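Here's the structure we're looking at; comments come further down.
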Amino acid sequence: MNTFRNPASVASPIGRYSHSVEIPANARTVLVSGQIGCTPDGTVPNDYFEQLHHALRNVVLNVEAAGMTVRDIVKCNLLAVAAHRPSGEDARSRGAAVLDEVFGTHVPCWTTQLISGLVRPDLMLEVEAIAASTDNSGKAE
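Each step along the sequence shown adds one to the number in the working numbering, with nothing skipped, and position 89 is 84.
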């Protein structure tokens, strides 16, 4: 089982993430390439938070295809196009609502990087992830 930590000796996270995670030596690991915020038919919404929702769902679907669950996601890296990234309290609460909807109470390690652009101008973000599980009953798809 993965152990998530927020040591008392380090300032509390400034967002919804864990400072660190310990992955057992016998864990299977899945690396998920950057997932864009598209629907199953390839449609890319024009809204940042809809793209975030779909990108995170695509991460979860990749993890589930490996026989893991959302709770096995240990690290996410959000690449957000700076020109499209909303800011302010409303943006933080909308982003938190998306994370709550997709991850529930699970809080993986998380890094957000602001970038100048992605491969297509309609893409506002992408999410990479790492998942790890000691349950070896997973399936390959």
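Beta carbons are placed, not taken as given, at the ideal position from N, Cα and C, and that holds for glycine. On a predicted model such as this, the values are computed, not experimentally measured, just so you know.
Ends of the beta strand (DSSP E) at residue 29?
-> Its beta strand (DSSP E) spans residues 23 to 31.
For residue 13, does the three-state DSSP call read helix, strand or coil?
-> Here residue 13 sits in strand by DSSP.
Residues that DSSP places opposite residue 128 in a beta bridge | Bridge partners of residue 128: 23.
Using only alpha-carbon positions, find the residue among 27, 64, 60, 63 that is nearest to residue 50.
-> When only C-alpha atoms are compared, the closest one is 27.
Buried or exposed: which applies to residue 8, given that a residue is buried once 16 or more other Cβ atoms fall within 10 Å of its Cβ?
-> By the neighbour-count criterion, in which 16 or more other beta carbons inside 10 Å mark a residue as buried, residue 8 falls on the exposed side.
Can you pull the DSSP bridge partners for residue 75?
-> Residue 75 pairs with 109, 120.
Beta-bridge partners of residue 34, as assigned by DSSP = In the DSSP output, where bridge partners are listed per residue, residue 34 has none listed.
Would a C-beta distance cut-off of 9 Å place residue -3 and residue 88 closer than the cut-off?
-> Contact: no.
Would you decide whether residue 124 is buried or exposed? Buried here means 16 or more other CB atoms lie within 10 Å of its CB.
-> Around the beta carbon of residue 124, 16 or more other beta carbons lie within 10 angstroms, which makes this residue buried.
Per DSSP, cross-strand counterpart(s) of residue 0 = Residue 0 is bridged to 15.
Outcome for residue 10 when other beta-carbon atoms lying within 10 angstroms are tallied against a minimum of 16 = Counting other Cβ atoms within 10 Å of its Cβ, residue 10 stays below 16 and is therefore classed as exposed.
Assign residue 103 to buried or exposed, taking buried as 16 or more other Cβ atoms, counted over all protein chains shown, within 10 Å of its Cβ.
-> So residue 103 counts as buried.
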